[in-house]
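Protein chains in written order, with the numbering used here: chain A, 1204 to 1267; chain B, 199 to 1053.
Just so you know, even glycine gets a beta-carbon here, dropped at the ideal spot from N, CA and C.
First comes the structure, then the notes that go with it.
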């Protein structure tokens, strides 16, 4: 697995879910927001691989 | 305050898997729901096929009412097969009733719900998440998945395709996934598919409840069922027939599936908030242990053999009891409970009840005859929906992959016929489950006529005939199956044994069961419970108990076994053990009148009158015609609880259940019962006799007996034949009379010394030795006890009138006694006719008795 950083989702309970390009069951379980964040992260990661110049993506925080 | 409710469906979730996972801390969110709410078993229905079950949940009705009978259906033009659709449902679903009353409703993924129905909110169909297309090709969403269709793009974008998933998603299920050659073993993709489908439902549902107003929101996840059908066979402990390599690779899938679902639940609980009542349910369970079948039968819907009969229910939220256990919940109870929760009336044509026990304050339930008769006009129902052929095929392929549907024949005529047969077979089973035996028989008879080559129709029809008491018809079908070697011989032997039991030939049945004990699948057949029934019916209670203990070791969760265990201990007078066993049985299968009745009787014997009354009332809910329970309730309310009004109400219902009247002539042997029968015969009352015992010098005018009477303890069916007739029943059998008839009992009294003398004389004439001759007092005491018990019983029954008639008074004052008897029988006979056969010569033991009295 590639170790991609980085966003972190925080649930109301205080639990955190890392947002990585590979995704996780936690992100899927988080529902629409988790999936959207994962896809953005994945897109950013692909873009960075393609350009080699794009900086790593920044963290996303939940809106719920 | 608004009563928000979220209904979450987890197909096939089972407490037997969940409980150990919670103990290990793997399901913290469900643990919160358990501790903060009410949980219980949710009894499934037969047949346990998901589209039928989830429609029953949504409508509160049996499949024979709601119209969903399988997975597929022929197209309108009968030229092709299509998946079952929401348009096939014939009755209103909960979301339609709520929408019509302006509650904001959303439903996601319910099976079947395609095309998405119009409702006062968003509905997303059960085809929404399906990956019928490659991601690279754009993965177009099929039409009809979303209502309103203006929201299609919004929700299409939220779907997750299995090709998107990475090792991060798969490794929790299959940690050694890298060892699998995916060109040969496609099971990784099936895990990805199910995981993505659940994620799609979760994404759509969370999006709706985050962004839309809602009062009622429902989501259905088929994923646990699908993970289990694929991988339960690899779940620990390892089964002997499973290869070690496959076990090592896939033994964690089911555990990971439940952990994933706990995460889904956690997010939904977070979004629902504390003001929402959450109901989590499954439609059936899934055998996780030694009860897993080794092989799945190759018949339509065979995959359901892996299911177990109890799903789960967990409820949490405002007004719901905390840390509470409910008993007796079933799938049909969900819809009425939701309606009552929102203050709407429950249709009397709904087949379930409201789950009041889950609520701190019982629901204030109102009823209407039916919602079906009321025209709803706010939201339209779909009609003439046509599904794209490619999508149809893709959906059917997925059902085939799951094992629910056999590969569709390329011969469409045959495929259509097979589909119709499968659906009609399910319709028959659903009638049977709903207690509509005649309707089930009618459907099966038609199926058999049209398909004489299909053995399972013959087998199940034989079983129905047996339940109906048509034993000859049943035996004929079993013999046909045997002759043509159509069916598994062991299954036929099991059927033969139950037939013999139906014919009261318990010894033969026992012999047969013993002969196949080592050949049969003991867990599936529950052979030990049948053996126990044979023992119990032949008076061997200890052996019956022994057999039940064997059953208990094999399958503890078999309600009929606990019921029989409870009955045995009730009969033995071990009321504490009986109560425990009966409560266990009720916990597993609530809707069983006998279990509640015996529980009530055992509690009564313990002096717990109020709870005994509650149990008996419950038994009447399931079998209102059981006058045994009603008679005991009348006694409790009158004598122990001082509630004469309730006693009067039951008394009224008791008499409504009465089928007719029987005249009983009773008393001790040689107390003049034959003489009284003669009198009634002469007076024109029809006599119930088989004339097997002929007249002799002891009873020169005949005995007027019937052999059936001797079997009264075990067989009460014959009593119907004696309606409006007179039948002779010796006093010891009186308390075994069924309570669905009125009895006018003429109890013959005779001095016990005279009786003993008469009996002695009779035995001497017959050449037999009177072994009691030396102990007349002991024999007299025993006779007296039986007589007193019979009279005591009769005096407590609301359906029994009794007159005591002295033998000597009849001889000495025939007309006076005949007048009393005539009045007792409502002048159906005249005293003149009654006295004609009285023969004072019969009173020949008088002198003998005088001699005995002086001893």
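Legend entry - Through-space distance from residue 721 (chain B) to residue 749 (chain B), alpha-carbon basis: 8 Å
Legend entry - Burial state of residue 488 (chain B) (16 or more Cβ within 10 Å): exposed
Legend entry - Contact residues within the segment 370 to 389 of chain B, judged by C-beta distance below 8 Å to chain A: 370
Inset, instruction - Would you check if the distance between the CB atom of residue 1015 (chain B) and the CB atom of residue 921 (chain B) is smaller than 8 Å? - result: no
Inset, instruction - Just list the alpha helix (DSSP H) runs in the segment 229 to 284 of chain B, keeping only unbroken ones of 4 residues or longer that don't cross its boundaries, in chain order. - result: 248 to 257, 261 to 264
Inset, instruction - Would you kindly check if the distance between the Cβ of residue 528 (chain B) and the Cβ of residue 550 (chain B) is under 8 Å? - result: yes
Legend entry - Beta-carbon proximity list for residue 205 (chain B), same chain, < 6 Å, skipping 5 on both sides: 416, 477
Inset, instruction - On a CA-only basis, which of B:1035, B:767, B:501 is nearest residue 899 (chain B)? Give me that one, please. - result: B:1035
Legend entry - For residue 825 (chain B) and residue 940 (chain B), believed in contact at Cβ under 8 Å, the rounded distance: Rounded, the Cβ-Cβ distance is 10 Å, inconsistent with contact.
Legend entry - Residues from the segment 1221 to 1236 of chain A in contact with chain B, defined by Cβ distance under 8 Å: 1223, 1225, 1226, 1227, 1228, 1229, 1231, 1232, 1233, 1234, 1235, 1236
Inset, instruction - Consider the Cβ of residue 756 (chain B): report whether some Cβ of chain A lies at a distance smaller than 8 Å. - result: no
Inset, instruction - Leaving out five residues on either side along the sequence, give the residues of the same chain with a beta carbon under 8 Å from the beta carbon of residue 494 (chain B). - result: 500, 501, 503, 504, 601
Inset, instruction - Note down the Cα distance separating residue 1240 (chain A) from residue 1225 (chain A), rounded to an integer number of angstroms. - result: 11 Å
Inset, instruction - Output the distance between the C-alpha atoms of residue 901 (chain B) and residue 916 (chain B), rounded to the nearest integer angstrom. - result: 19 Å
Inset, instruction - With DSSP collapsed to three states, give me the class of residue 515 (chain B). - result: coil
Inset, instruction - Compare the C-beta of residue 1216 (chain A) against all C-beta atoms of chain B and say whether one is closer than 8 Å. - result: yes
Legend entry - Three-state secondary structure assigned by DSSP to residue 1008 (chain B): helix
Inset, instruction - Can you tell me which of B:872, B:247, B:317 puts its alpha carbon nearest to the alpha carbon of residue 889 (chain B)? - result: B:872
Inset, instruction - Kindly indicate which residue of B:983, B:285, B:882 has the alpha-carbon position closest to the one of residue 578 (chain B). - result: B:285
Legend entry - Helix, strand or coil at residue 1221 (chain A) according to DSSP, with G and I counted as helix: strand
Inset, instruction - Consult DSSP for residue 921 (chain B) and reduce its assignment to one of helix, strand or coil. - result: coil
Inset, instruction - On a CA-only basis, which of B:451, B:403, B:447, B:445 is nearest residue 422 (chain B)? Give me that one, please. - result: B:451
Legend entry - Interface flag, residue 443 (chain B) vs chain A, CB-CB below 8 Å: no
Inset, instruction - Answer yes or no: does any C-beta atom of chain A fall closer than 8 Å to that of residue 251 (chain B)? - result: no
Inset, instruction - Mind listing the chain A neighbours of residue 478 (chain B)? Cutoff is C-beta to C-beta under 9 Å, in chain order. - result: The premise fails here: residue 478 (chain B) is roughly 15 Å from chain A at the closest Cβ pair, so nothing lies under 9 Å.
Legend entry - Near-chain A residues of the segment 896 to 917 of chain B (beta-carbon distance less than 9 Å), N- to C-terminal order: none
Legend entry - For residue 1000 (chain B), the three-state DSSP class (helix, strand or coil): strand
Legend entry - Validate contact between the segment 432 to 452 of chain B and the segment 376 to 393 of chain B using beta carbons, cut 8 Å, 3 pairs: yes
Legend entry - chain A contact for residue 219 (chain B) (CB, 8 Å cutoff): no
Inset, instruction - Going by DSSP, name the residue or residues bridged to residue 508 (chain B). - result: B:241
Inset, instruction - Report yes if the CB atom of residue 229 (chain B) is closer than 8 Å to the CB atom of residue 220 (chain B), and no otherwise. - result: yes
Inset, instruction - List the residues of chain A whose Cβ lies closer than 8 Å to the Cβ of residue 233 (chain B), in chain order. - result: Residues of chain A passing the Cβ test: none, with the nearest at roughly 15 Å.
Legend entry - Closer than 9 Å at the beta carbon, the chain A residues around residue 468 (chain B): 1214, 1215, 1216, 1267
Inset, instruction - Identify the continuous alpha helix (DSSP H) that holds residue 393 (chain B) and give its terminal residues. - result: 385 to 409
Legend entry - Three-state class that DSSP yields for residue 308 (chain B) in the structure shown: coil
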